[in-house]
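Take the sequence shown: its letter number 439 is residue 438 in numbering that gives the first Met the number 0, and every next letter is one higher.
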Amino acid sequence: MNTTPSPVLFISALRWAATAAAMLAAGCANTPPTASAGASDTAASAAAAGSTTTTLPPPRPAGSSTAGQARTFSTQLATYTSVSFDAVPGWARDDFSESWPAFLGSCKVLTGRGAEWKDVCARALRVDSKNNSAIRAFFEQEFSAYQIRDDDRKPDGVVTGYFEPEIPGSRQYAAPFVYPVYGQPEDMLFADARKLPAGNGTVAAKVEGRNVVVQTGLSTRDMGAPGLYALDLSAITRDTLDRKVRLRIEGKQLLPYYTREEIETKGAPNARVLAFVSSATALYEMQIQGSGRIKLANGDIIRVAYAEQNGQPFRPTLAQAANGKPRSPVKVRGSSIELQLDDGDEDDDVGGPATGTIRTRGFTLAQPTASGAVLVPGRRTAGPVVGSGIKDPSYVFFKESPSPSGGPVGAFGVPLSAGRSIAVDPRSTPLGYPVFVSTRAPGTGAPMQRLTIAQDTGGAIRGAVRADYFFGNGQQAANNARRMKERGQLWILLPRGLAVATAAVSSAIRTRGGPAGAGLPQCLVPTEGVCVDD
């Protein structure tokens, strides 16, 4: 476990913070500070230890919106400020060899994202994976560190935890295993929200494979033509991260895909059942975690990973405190729900499906007061179909994971590493990128400062300064993840020369709760299918 930062490092951080604040107030966009003497000494010692010397990318024009040149830049949700590595608390003490396998795993995907990443990852293969000094020097030479602040320019956010749950189940439908684990439905259709007309009217659309395409120049009189369907724009949710709207066909209409209640009481006839489990609340927790293991009676394990979501907003039922307020303060933005930090939350009850609450990913959820049978197509239920009683309209569909060992595969498509992979909001922290997190360990409160890799996301992970540690699997991982809800700060590492937040260099200081400002992009680095700018 890391120790408390030294007084020298603390004073250095204060001096840099004061300097950065003064420059921001003056609207500066100068070249960021060069590596400090400490960083240079680290690089020199690493070279003496046998690391491979790296070649820095060619410099870009001063003031351009590129990592290593821009002092500060903004998106709709976040502001990024350049800092020296010495100003990052705990940087010099971390064991970077623990993060190295996760970073190399990300490189397998990032090499297809542009020349900067291709070159960086090629040079990473020449670094001694067991030499901590060499790895630290590699990051200092190849990357620039930027502290992430939210749209109110606050540096503090919320750090929670998640894990890979294991629940008993069966391939066969028989009591007590009566709750289906569904794969992605074959009747789910997708529309690009960016291509939908503005307003709340009804438009004509065609279905091409799995895609819905709005037909321009047609009126409602044309809806009866063969192959045309009516799409009511007032009923859809547009502000999903991937800009996809999930739909289904009913008669001559295109409707939003089924809610949780509809899936449980009407069934999902076009979705394959992967397995059956005995607890609806355990299944719900697995859906929130995004992956899990289903243990069969013979000891075999079915490993499942996130496949799709029904397109409905995440709206959990929060447990109430004695004063009647939610035990997990939240902020609602459009269709998203963001967890808020609550320093007064000293409740050590970690919760779980067997208790009165479900403590998961920082939320304390109330278990349903009444729960009953759900409809499974082709199966006869033992009692009236009333559903699980879980009111959250969102619903996660899974796919079987072929990997029997290692971590589950996250949203970035690579296996997660316990303690070094995190889930983030990809609007402000692009997947695959290194992120240094400074927070406190659950239970003990000891400083937890380490380099992680952003490799996952989730419907419950929203906000600029927001990270979710992956703790692994097993009971200890579950306990740590359920307890984890701490104040934290984030620094993203960007390859030098990488174009970021195009045309978004901004010195305008936004007032608390004020508008983000015209012209700012939604995503730091737009990636189709993960975070998509309009």
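Glycine residues also receive a C-beta, built at the ideal position from the N, C-alpha and C atoms.
Note that this is a predicted model, so its numbers are computed, not measured.
Pro376 and Gly323 have their C-alpha atoms some 40 Å from each other. For Cys106, the secondary structure class from DSSP, reduced to helix, strand or coil, is helix. Exclusion of the five residues before and after Arg314 leaves Ile336, Lys390, Asp391, Pro392 and Ser393 as the residues of its chain whose Cβ lies within less than 8 Å of its Cβ. For Thr456, the closest alpha carbon among the candidates Leu109, Val213, Leu254 and Tyr305 is that of Tyr305. Less than 9 Å divides the Cβ of Asp94 from the Cβ of Asn131. Look at Pro383 here: in three-state DSSP terms it is coil, with no helix or strand label.
Taking each of Ala372, Gln475 and Pro414 in turn and checking the Cα distance to Gly442, the smallest one comes out for Gln475.
Comparing alpha-carbon positions, the option among Leu493, Tyr468, Trp490 and Leu492 lying closest to Met483 turns out to be Tyr468.
About 7 Å separates the CB atoms of Arg495 and Phe142; that is less than 8 Å, so the two are in contact. Under the 10 Å beta carbon count, Asn199 is surrounded by fewer than 16 other beta carbons and is classified as exposed. Annotation for Lys243: Phe189 place their beta carbon closer than 6 Å to its own, counting only its chain and skipping 5 residues before and after.
The shortest C-alpha to C-alpha distance from Gly528 to any of Asp191, Asp231 and Pro414 is the one to Asp191.
Residue burial annotation: Asn309 is buried, with at least 16 other C-beta atoms found within 10 angstroms of its C-beta. Residue range Glu165 to Ser169 is occupied by the beta strand (DSSP E) that includes Glu165, with no alpha helix (DSSP H) assigned at that position. Just so you know, the alpha carbons of Thr65 and Arg426 end up roughly 18 Å apart.
Within the stretch 187–274, the beta strand (DSSP E) runs of at least 3 residues that lie entirely inside it are, in chain order, 188–191, 201–207, 210–213, 228–231, 243–249 and 252–255. Per DSSP, reduced to three states, the secondary structure at Leu493 is strand.
Remark: C-beta atoms of Trp490 and Ala144 approach each other more closely than 9 Å. Spatial neighbours of Ala422 in its own chain (CB-CB distance under 6 Å, excluding positions within 5 residues in sequence) are listed in chain order as Asp455, Thr456, Gly457, Ile460 and Asp467. Rounded to whole angstroms, the gap between the alpha carbons of Gln214 and Arg326 is 47 Å.
CA-to-CA, the gap between Leu227 and Gln288 works out to about 38 Å. Judged by DSSP in its simplified three-state form, Glu337 adopts strand.
DSSP links Gly156 through a beta bridge to Gly487. The DSSP-derived three-state label of Phe411 is coil.
Taking the C-beta atoms as reference points, Val395 is found no nearer than 9 Å to Val384. Secondary structure at Ser132: helix, using DSSP grouped into helix, strand and coil.
Inter-segment contact for the stretch 445–454 and the stretch 411–422 is present: three or more beta-carbon pairs are separated by less than 8 Å. Residue range Pro446 to Asp455 is occupied by the beta strand (DSSP E) that includes Leu450. In the three-state DSSP reduction, Cys530 falls in the strand class (E or B). Counting only the Cα atoms, Gln311 lies some 12 Å from Glu261. In the structure shown, Leu282 falls within a helical segment according to DSSP collapsed to helix, strand and coil. Here the alpha carbons of Pro433 and Glu139 stand approximately 12 Å from one another.
The beta-carbon separation of Val272 and Val180, rounded to 7 Å, stays under the 8 Å limit for a contact. Distance from the Cα of Arg379 is smallest, within the candidate group Leu109, Leu254 and Gly266, for Gly266. Taking all protein chains shown into account, Leu493 has 16 or more neighbouring C-beta atoms within 10 Å of its C-beta and is therefore buried. Taken through DSSP and simplified to helix, strand or coil, Pro433 comes out as strand.
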